[in-house]
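S.K.: Using full-length UniProt numbering, the letters of the sequence shown map in sequence onto residues 1 to 98.
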Amino acid sequence: LSYNWPNNLDQLQHVLKELVTITKTPYISCDTVEAILKQEPDYGRVFDDSVKFDGTLDEINYQIILQVLHEEHDNKEKTARRLGISRSTLWRILKNNN
C-alpha cells in the first residue's frame with residue numbers, strides 16, 4: 001500500500017486518528033487503511049490505474065515518466081525535478097522510447 005500524503009503531517013495525523021477510532025483489533029489491516037484512504041480527496045490520484053505493472057522495469061519507468069509529464073502539463077523541467085532526475089536524463093529517456 002503506497003500513499004504520498006499530499007497534505008503531509010496534518011493528513012497523516014487525521015488518518016491515524018481515524019484508524020485508531022475504528023479499529024477493534026490489536027493491529028490495523030491494510031484493508032482498514034485503504035478504506036480510510038478512500039475517503040481522502042487525493043486518493044484517486046495516488047492510486048491511478050494508468051500505470052500498468054506488467055512490463056519490464058524500463059517500460060514501467062517510462063509509463064511513470066509519461067504520467068508525471070502529463071500531470072506537469074508537458075513541462076519537462078518540473079517533471080525532471082519531481083522525478084529526481086536531470087533534464088538531460090529525462091530527454092534521453094523520452095528520445096530512446098519514441
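C-beta: ideal position from N, C-alpha, C; glycine also.
Go ahead and label residue 80 buried or exposed: buried means 16 or more other beta carbons lie within 10 angstroms of its beta carbon, across all protein chains shown.
M.R.: buried
S.K.: In whole angstroms, give me the CA-to-CA distance for residue 87 and residue 78.
M.R.: Each residue's Cα considered, the two are about 9 Å apart.
S.K.: Roughly how far, in whole angstroms, is the beta-carbon of residue 57 from the beta-carbon of residue 68, given that I think they are within contact range, below 8 Å?
M.R.: At roughly 16 Å, the Cβ-Cβ gap does not stay under 8 Å, so residue 57 and residue 68 are not in contact.
S.K.: Using the Cα positions of residue 64 and residue 53, report the straight-line distance between them to the nearest angstrom.
M.R.: The alpha-carbon atoms of residue 64 and residue 53 are separated by roughly 10 Å.
S.K.: Enumerate in chain order the residues of its own chain whose CB-to-CB distance from residue 23 is below 7 Å, with the five nearest sequence positions on each side excluded.
M.R.: Closer than 7 Å at the Cβ level, and outside the excluded window around residue 23, lie 32.
S.K.: By the 10 Å Cβ neighbour count, where 16 or more other Cβ atoms means buried, how is residue 90 classified, buried or exposed?
M.R.: Classification of residue 90: buried, given that the 10 Å Cβ count is 16 or more.
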